[in-house]
Each structure stands twice: as C-alpha cells, then as structure tokens.
DNA sequence: TAAATATATGTCAATTATGACATATTATCA
DNA sequence: TGATAATATGTCATAATTGACATATATTTA
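Residue numbers (the numbering used here), protein chains in the order written: chain L, 1 to 103; chain B, 1001 to 1103.
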C-alpha cells in the first residue's frame, strides 16, 4: 500500500497510527482492507446489475439506506459479516464470493 | 441442510427459530454458516500445521485461548472478521482464503 | 435550470462481538 | 493410572457494529 492509497483510506475514516507504523503496516492489515474493498465493490456491482436502489437493497437485507451506502463505500464501521450477508442475500454463492476475493 | 446438521449446530449455540422457519431456511443463512465453518476449519488446520497451541495463537492475534477455541469450533459468537483476521495473521493470502471458501 | 430521485455523511442508542477470566473437559505421556 | 498440557465452555464488563434518523451532496429527468 502506498501513501496515495493511505490518504484515500484515511479520508474514509481508516486509522493507521504513525507513518512508521504504517510503513511496516503488516501484510495482514492491508490484505484485510483489500478484501473488504473487493467485496464492497462487488456488492455495488451486484446491486446495480439487479437494478435496485440502495433503499430497495436496504429492505432486502433489513437495514437502512445509509448503511448500504457505507457498505458500498468501504466505510470502516462496517463488518465483513454484513458485507458477506448482503452478498448472500443478493443470491451470490460462496464460490462467487471466493472468485470476488481472488480477482 | 438436514435435521442432523441442524441439531449439531443448535448444540453449538446457533439459533434457527421454528422448524418451519428452519425448513425454508434461506440458502443465505446456510451459506453463511457454511462459509464460517470452512474458514474455522481452515484456521485450525493452519494453526496445527504451524505447530502452535491455542495459547500461542492467541498471543499472535492478541486475543485469548478461549476465543481461539471458539473461533475453531464455529461458535456463533465469533465474527467472520475475527476469523479472517486470524487467518491473515497466520500468513494466509487472500487467494488462499478464497480457495478455502471454494473448497 | 429546478425539481425529483439517489447516494453519502454524521450521529447515536441499542445490539452484538470482544478479551479476559474461571473452570470443565479432553488428550498426552510418565 | 495420575499428573500435566491442551482445548472447550460459561460468563461478563467493555468495545465495536448496528439500524435508524437527519441532512448534505450528487445524479437524473422534466
């Protein structure tokens, strides 16, 4: 992960501590973020393909429009659990989820 | 998912409501559980391959032995986030995680 | 362009996950 | 066997995530 990417993520609310800490930021942390980002992007793709608005998707997953927005923009306040559950609610199979992660 | 499987999961603390509800239990819910189970199993496999005890893994991921046990036994109280983070802490790549999900 | 529709951002009380601890159960091995 | 190490289970106060709401911003359409 480079400085550019860091700035973009920090703007979204991700916290990374000192620059030093960031520079040796573990593979772990960046893999985790990358994973979430990929699945978030996939969720938006799926929703639009299904021609649903965020309000409509919110109904399906029993959540709210604002949370759907956060899901799709990679807000750090959303859990992987919710992202995955949302994907599954849209009919995504585990294999497709795996594909999205690998992509 | 069959009745056998259901009993086993309920013993672990999963909640499914009425039998009726369970019978039309969405693909969604069972996929979600299946996903967690696969990753949990993978975590245990990895830990033992690394010849770590649960206490040692707990140190690595800054958690406790009891939570590691719950991670590995598919306790419903553990999040996908923690499972994934633990896998990543053990050096698992996103691609490997994807493979585990697809398996 | 203005109105309407869609999405984003901020906040918060309630819900859920967390690490920690105690303790029970299960495996290992002398 | 019995001691010791490893894992499992139960509980709880604290921390993190949640849906909901208000409202801002962006996009579409008349």
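Cβ coordinates follow ideal geometry from the N, Cα and C atoms, glycine included.
is_contact[residue i, chain B] using C-beta, thresh 8 angstroms
| i | result |
| --- | --- |
| residue 77(L) | no |
| residue 98(L) | yes |
| residue 71(L) | no |
| residue 8(L) | no |
| residue 68(L) | no |
Under 8 angstroms between C-beta atoms of residue i and residue j
| i | j | result |
| --- | --- | --- |
| residue 100(L) | residue 39(L) | yes |
| residue 35(L) | residue 1084(B) | yes |
| residue 1095(B) | residue 102(L) | yes |
| residue 1031(B) | residue 79(L) | no |
| residue 1081(B) | residue 81(L) | yes |
| residue 1067(B) | residue 1058(B) | yes |
| residue 1033(B) | residue 1009(B) | yes |
Contact with chain L by residue i, beta-carbon distance below 8 angstroms
| i | result |
| --- | --- |
| residue 1080(B) | yes |
| residue 1063(B) | no |
| residue 1024(B) | Since pLDDT at residue 1024(B) reaches only 43, below the 50 mark, its modelled position is unreliable, and no value is offered. |
8 angstroms Cβ cut-off: residues of chain B touching residue i
| i | result |
| --- | --- |
| residue 105(L) | A query on residue 105(L) cannot be resolved here, the shown segment of chain L reaching from 1 to 103 and no further. |
| residue 101(L) | 1094, 1095, 1097, 1098 and 1101 |
Neighbouring residues, chain L, relative to residue i (Cβ below 9 angstroms)
| i | result |
| --- | --- |
| residue 1104(B) | Lying before the first or after the last residue shown, residue 1104(B) is absent from chain B, which here runs from 1001 to 1103. |
Beta-carbon neighbours of residue i, restricted to chain L and to distances below 8 angstroms
| i | result |
| --- | --- |
| residue 1031(B) | 88, 93 and 94 |
Discussion item. For the stretch 40-56 of chain L, list every residue whose C-beta sits within 7 angstroms of some C-beta in chain B, in sequence order.
Written reply: Identification of residues in the stretch 40-56 of chain L having a C-beta nearer than 7 angstroms to some C-beta of chain B yields an empty set.
Worksheet item: Within the chosen definition, does the stretch 68-81 of chain L reach the stretch 32-45 of chain L through at least 3 CB pairs nearer than 8 angstroms?
Response: yes
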